[in-house]
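Chemist: A single structure is presented below for examination.
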Amino acid sequence: MVNREAVNCELIWREISNYIEGDVDAGLCAAMDEHFRTCKRCASVLAGTRNVIQLYSDERMIEVPAGFGRRLERRLAQETRVQKSSWSTWSAWLVPVAALALIAGGLRWANSLTVAHPLRSEHAQAGHNIPPEMRVVVSEGAKEFHVPGCDFIHNQEKVRTLTAKEAMREGYVPCVRCMRKYLQIASVLHDSGESEAESGQEHDDRVHGQ
Amino acid sequence: MAEPNVVLNNPAETTREQELIAAVQRGQTELFYELVRPYEKRVYAAAMAILRNETDAEDVAQEAMLKALANLRQFRAEAKFSTWLIQITVNEALMRRRRERTRMTEAIDEHRDDEGEYTPRDFADWREIPSEALERKEVRQKLADALASLDRKYREVFVLRDMEQLNIQETAETLGISVASVKTRLLRARLMLRDLLAGGWDGGWFSRLPFEKGTKPW
């Protein structure tokens, strides 16, 4: 239990955001409730903070440039037309190819059930503090796992989603681009999968960012 | 306090959303715009919070939507679609900013959080700003200016948590910072915004609006 005497205004100002999130334990919560009843200043801080959150969470706060929705719709329509037309051209022979790929993939999958996976790249590092339940994607034949939508996913056609924990268990290593925040600089520089020039670029970014 | 006017998880809408996702995944890509339309403003706001330039934000919003379309087959139902979409957008915007950084003149924030305590300003009591006030352009502008005046690290966390409705964990993952950092920055952002907006509601900026205190615009 929190000592009621110990709940002063400074503690309130430190915890008020967590209090609003419902992220303080029951004892502290009760002590803070009590403080808000008696301290006018802190009650005003609470009311103002809640008011701020309420106002900014309102969709009316978001203004988009005129015609934004129309331009987005048009761009998506263009893209879909391109996809559809290329699909109809290729689909005739894609079906048997896809069937073969499925059979091959199935065999490999069956094998994978019995095999423990070492790290897929000897030169990469496993990354630090990657949230285990984070959704990541891997693609067939590649070594890295990625944040969905990363530019550096190879073989976009054959990807699957899984948790970071599962990906690491299967030996995948974090992408040096989208997962760079979990890597030491050293691991970025020593990554083997990408060209020297690209790694250099990453390193430059790091330096600028400091 | 009035209920905030945010997109909530209405069961009927969620079912419709699931149907749309399944349809697009089956190849009915022409339905994609209907699927993302409810979130298009939030996607734009997420890009804008990071890039601070309307043209770039719109471009990144479009790119992120195309990426979401291309990757929709990877989307799994256990995730929330809007969160997934916002995360793709933020990732896209961060990559764009990294590419452009060498050309940018804006100073790069340090990544360390301020350790010092923040003392909220002392106002006798808070004068509630009602949600209806957001109908007025001047009020929205005042709020937007206050948000824009925050340092980048505070602004980004605040936008993702309080405007985009990501939770603390998702905000941390999306920005690549720790949960503790998100909490510290969120606290600071919320208190600073409160201070920025408090001074004026009855005493300053609001009273200068048309129709207040008997002034007439004609």
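So the protein lines, in turn, are chains A and B. Everything in the first sequence is counted per my numbering, starting at 777 for the first residue and increasing by one. Everything in the second sequence is counted per my numbering, starting at 38 for the first residue and increasing by one. Yeah, the Cβ is synthetic: ideal placement off N, Cα and C, and Gly gets one too.
Beta-carbon within less than 7 Å of A:Ile929's beta-carbon, same chain only, minus the 5 sequence neighbours each way: which residues are those?
Modeler: Val913, Ser915, His922 and Val935
Chemist: I need the straight-line Cα distance from A:Lys941 to A:Cys954, nearest angstrom please.
Modeler: 16 Å
Chemist: For chain A, check one thing: does any of its Cβ atoms lie closer than 8 Å to the Cβ of B:Phe118?
Modeler: no
Chemist: Go through its chain and collect everything with a Cβ distance to B:Met229's Cβ below 8 Å, but skip five positions before and after it.
Modeler: Tyr155, Leu187 and Tyr191
Chemist: Helix, strand or coil for A:Pro950 per DSSP?
Modeler: strand
Chemist: Within a Cβ cutoff of 7 Å, which residues of the same chain sit near A:Pro950, ignoring the five residues on either side of it in sequence?
Modeler: Counting only Cβ-Cβ distances below 7 Å, and skipping sequence neighbours, we find Gly903, Ile906, Glu920, Phe921, Tyr958 and Leu959.
Chemist: Pull up the CB-CB distance for B:Val216 and B:Ile205, whole angstroms please, since I reckon it's below 8 Å.
Modeler: 6 Å
Chemist: Do three or more CB pairs link the region 51 to 63 of chain B to the region 819 to 827 of chain A at distances below 8 Å?
Modeler: no
Chemist: Is it right to say A:Val858 is buried, meaning 16 or more other beta carbons lie within 10 angstroms of its own, or is it exposed?
Modeler: exposed
Chemist: Within the same chain, show all residues whose beta-carbon is closer than 8 Å to that of A:Gln932, passing over the 5 residues directly before and after it, in chain order.
Modeler: Ser915
Chemist: Can you tell me the Cβ-Cβ gap for B:Ala84 and B:Val97, rounded? I've got them flagged as a contact below 8 Å.
Modeler: 4 Å
Chemist: If you pair each beta-carbon of the region 174 to 184 of chain B with each one of the region 801 to 811 of chain A, do three or more pairs fall below 8 Å?
Modeler: Touching, no, given that fewer than three Cβ pairs across the two stretches are closer than 8 Å.
Chemist: Should B:Ala82 be flagged as near chain A, meaning a C-beta pair shorter than 8 Å?
Modeler: yes
Chemist: Does the CB of B:Glu175 have a neighbour CB from chain A at under 8 Å?
Modeler: no
Chemist: Alpha carbon to alpha carbon, how far is B:Gly64 from B:Arg222? Give it in angstroms, no decimals.
Modeler: Rounded to whole angstroms, B:Arg222 to B:Gly64 spans 42 Å at the Cα level.
Chemist: Would you call B:Arg225 buried or exposed, if buried means 16 or more other Cβ atoms sit within 10 Å of its Cβ?
Modeler: buried
Chemist: For A:Cys926, which residues in chain B fall below 8 Å Cβ to Cβ?
Modeler: The answer, in chain order, is Asn128.
Chemist: Can you grab the Cα-Cα spacing for the pair A:Pro841 / A:Leu848, in whole Å?
Modeler: 11 Å
Chemist: Indicate the three-state DSSP secondary structure (helix, strand or coil) for A:Val913 in the structure shown.
Modeler: Residue state for A:Val913 is assigned as strand, using DSSP reduced to three classes.
Chemist: Which residues of the region 933 to 945 of chain A have a Cβ closer than 8 Å to any Cβ of chain B? Give them in chain order.
Modeler: Val935, Arg936 and Thr937
Chemist: Pick helix, strand or coil for A:Leu822, following the three-state DSSP scheme.
Modeler: helix
Chemist: The alpha helix (DSSP H) with B:Leu122 in it runs from where to where?
Modeler: Unbroken alpha helix (DSSP H) run through B:Leu122: Phe118 to Glu137.
Chemist: Please state if the CB of B:Ile123 and the CB of B:Arg79 are separated by a distance shorter than 8 Å.
Modeler: Note that the C-beta distance between B:Arg79 and B:Ile123 is below 8 Å.
Chemist: Thinking C-alpha only, which one of B:Glu71, B:Val127, B:Leu233 and B:Ile214 is nearest B:Ala181?
Modeler: When only C-alpha atoms are compared, the closest one is B:Leu233.
Chemist: In angstroms, rounded to a whole number, what distance separates the CA positions of B:Val43 and A:Gly917?
Modeler: The pLDDT assigned to B:Val43 is 46, lower than 50, so where the model puts this residue is not dependable, and the model offers no usable value.
Chemist: DSSP three-state call for B:Arg164: helix, strand or coil?
Modeler: coil
Chemist: Rounded to whole angstroms, how far is the Cβ of B:Ala94 from the Cβ of B:Tyr81, which I believe are closer than 8 Å?
Modeler: 6 Å
Chemist: For B:Glu210, return the contacting residues in chain A, with the cut-off set at a CB-CB distance below 8 Å.
Modeler: Pro907 and Met910
Chemist: Please look up how many angstroms separate the CB atoms of B:Leu171 and B:Thr120, rounded, as I've assumed it's under 8 Å.
Modeler: In fact, because the Cβ distance is near 24 Å, the residues do not count as touching under 8 Å.
Chemist: Compute the Euclidean distance between the alpha carbons of A:Ala943 and A:Val952, then round it to the nearest angstrom.
Modeler: 15 Å
Chemist: Among all the DSSP beta bridges, which residues are the ones paired with A:Leu938?
Modeler: A:Val912
Chemist: Could you check the C-alpha separation between A:Arg813 and B:Glu100 for me, to the nearest Å?
Modeler: Taking C-alpha positions only, A:Arg813 is separated from B:Glu100 by approximately 50 Å.
Chemist: Since A:Met910 and B:Glu193 should fall inside the 8 Å C-beta cutoff, what is the C-beta to C-beta distance between them, to a whole number of angstroms?
Modeler: The C-beta distance from A:Met910 to B:Glu193 rounds to 19 Å, too long to fall under 8 Å, and the pair is not in contact.
Chemist: Report back the beta-carbon spacing between B:Lys220 and A:Ser793 to the nearest angstrom; my notes put them in contact at under 8 Å.
Modeler: 7 Å
Chemist: Using a 10 Å radius around the Cβ and a threshold of 16 neighbouring Cβ atoms, would you call B:Lys179 buried or exposed?
Modeler: buried
Chemist: Verify the CB distance criterion: does A:Phe844 have a CB-CB separation below 8 Å to chain B?
Modeler: yes
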